[in-house]
Amino acid sequence: MLHDILMILIGLVIGAIIGFFIARYVTKRYMKKNPPINEEMIKALMMQMGRKPNQKQINQMMKSMQKYM
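The opening residue of the sequence shown carries number 457 in my numbering; numbering runs sequentially from there.
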C-alpha cells in the first residue's frame, strides 16, 4: 500500500519535471519563430507617441527586445 502511493508520487514528480522542460523548450522555439513584437510595431508605437523614428532607433529597440528573450 505505502509502496504504491510512493511510486505514484515519484511518477508525478518526474512527470512534472519532464513536462516543465518540454513546455519551456516549445515556448522558446515558438517565441523565436513568432516574436511578439516586430519592427513595424515599434515604428507604429513611436509614431503614436509623437516621434518619427529612424532605422537606427528601431534597430536599437529590436536589439534590446531580443536581449530579454
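For every residue, glycine included, the Cβ atom is placed at its ideal position computed from N, Cα and C.
Locate the alpha helix (DSSP H) running through G467, then write down its first and last residues. Taking the first residue of the sequence shown as 1, we reach residue 467 at position 11. Going by DSSP, G467 is part of the alpha helix (DSSP H) stretching over 458 to 489.
In angstroms, rounded to a whole number, what distance separates the CA positions of K467 and Q522? Translated into the one-based positions of the sequence shown, residue 467 becomes position 11. Translated into the one-based positions of the sequence shown, residue 522 becomes position 66. Residue identity check: residue 467 is Gly in the sequence provided, not Lys. Cα-Cα distance, rounded: 37 Å.
Three Cβ pairs or more, each shorter than 8 Å: is that satisfied between the segment 470 to 487 and the segment 498 to 511? Between the segment 470 to 487 and the segment 498 to 511, the count of C-beta pairs closer than 8 Å stays below three; the two stretches do not touch.
Could you tell me the alpha carbon to alpha carbon distance between K512 and N490, rounded to whole angstroms? Position 56 of the sequence shown, counted from the start, is the residue given in the question as residue 512. Position 34 of the sequence shown, counted from the start, is the residue given in the question as residue 490. Roughly 22 Å between the two C-alpha positions.
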